[in-house]
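Numbering (this note's numbering), first residue to last: 1 to 406.
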């Protein structure tokens, strides 16, 4: 007898508890179809149509006949069963209960911590606002912060990728914590469904910036954004808009300004800061054409970008110390956009002086003879801030600076 037949017979006996002779009888009657044989055995024995004996501890392989085709026996009638529902089950009998909070199956694992799979896709809990969108807007108005919204879908891996790659980035967290109220929900939660209905969202993951004063969308993206791309967009948005004045902010649809996926890694990285600002302003003007809004001209427009004139900075002659370890209690990460458009990230100490930033930029771009460094938000000339100031005193912690040839 072949191994396949042996395995089928062993499986049948293991499921039904029948001995091998009875198993051979049922399997032969069903042309050795395991599923049909098990179903017939269960039906006949459950209805009292057959008797069973305990399996023999010794397999008698020599007595097994060769599988043969046979007519299936007539199935005994299924016994009638009567059941009654007790109590009032309410609407949950017809529809599943609605979840009151976002539940992500990729996060709810028993194994947590740095080695847990669930922790890999965890959102930045320390940044999440625990409340409704209306409450987030009220806090935003009080603290002069924009409301950054992220609506996710548990069935879209890009949503989990945002948590793993983008929201976990130190520079992104620093910008979001300083300038935004971060409101993240799943599209199946009560709060998420209300937002999706109110703002007509159909594609996930969805990211947008809400003006806390008016509730208007100022920026939106309906696809995965890397930490670098999101930093570029948030930086341009913060340069173009401010909550410190009473003038209404200008909405910007960055989906129109984004390059295609095939060319993003090339041409976008080569854009200068001026090109980025022009692109952001052009997207803002295009949005205004599609969605007109009344603006009080008595106030200056907050979209007017005021960039201080660059101050030529000669090459510095200072030795760059070794990069501090990532677990140092005073460490901070600075992201550089170099003069050629490339990006570089290096760790510094918060007690390091601003001149070390110039030393690193000079070391990274030795072909640039004269340059200046600008902070991204707010736009400041670091040479004017003070070369002898520490990074903490200059407010350059977990942020991005741009190198500009002069």
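Virtual Cβ for every residue (Gly too), placed ideally from N, Cα, C.
- When the beta-carbon positions are compared, residue 234 and residue 207 stay at least 8 Å from each other.
- Secondary structure at residue 45: helix, using DSSP grouped into helix, strand and coil.
- Under DSSP, residue 183 takes part in a beta bridge, and its partners are 149.
- Per DSSP, reduced to three states, the secondary structure at residue 37 is helical.
- Taking 8 Å as the cut-off, the Cβ atoms of residue 218 and residue 187 do not count as close.
- Three or more Cβ pairs closer than 8 Å define a contact, and the region 358 to 368 meets that threshold against the region 335 to 344.
- DSSP, reduced to helix, strand and coil, places residue 330 outside both helices and strands of the structure shown, so it counts as coil.
- Boundaries for residue 24: no beta strand (DSSP E) harbours it, while the alpha helix (DSSP H) harbouring it runs 20 to 29, taken from the DSSP string.
- Rounded to whole angstroms, the separation of the alpha carbons of residue 358 and residue 184 is 37 Å.
- If you draw a straight line from the Cα of residue 43 to the Cα of residue 126, it is about 57 Å long.
- The Cβ atoms of residue 30 and residue 36 lie closer than 8 Å to each other.
- Taking the Cβ atoms as the reference, residue 376 lies roughly 6 Å from residue 402, within the contact range of under 8 Å.
- In the structure shown, the three-state DSSP call for residue 397 is coil.
- Residues of the same chain with a CB within less than 8 Å of the CB of residue 11, apart from the 5 flanking positions on each side, are 34 in chain order.
- Assigned with DSSP and collapsed to three states, residue 194 falls in helix.
- For residue 374, the enclosing beta strand (DSSP E) starts and ends at 371 to 376.
- By the C-beta density criterion, residue 318 is exposed, having fewer than 16 other C-beta atoms within 10 angstroms.
- DSSP links residue 220 through a beta bridge to 208.
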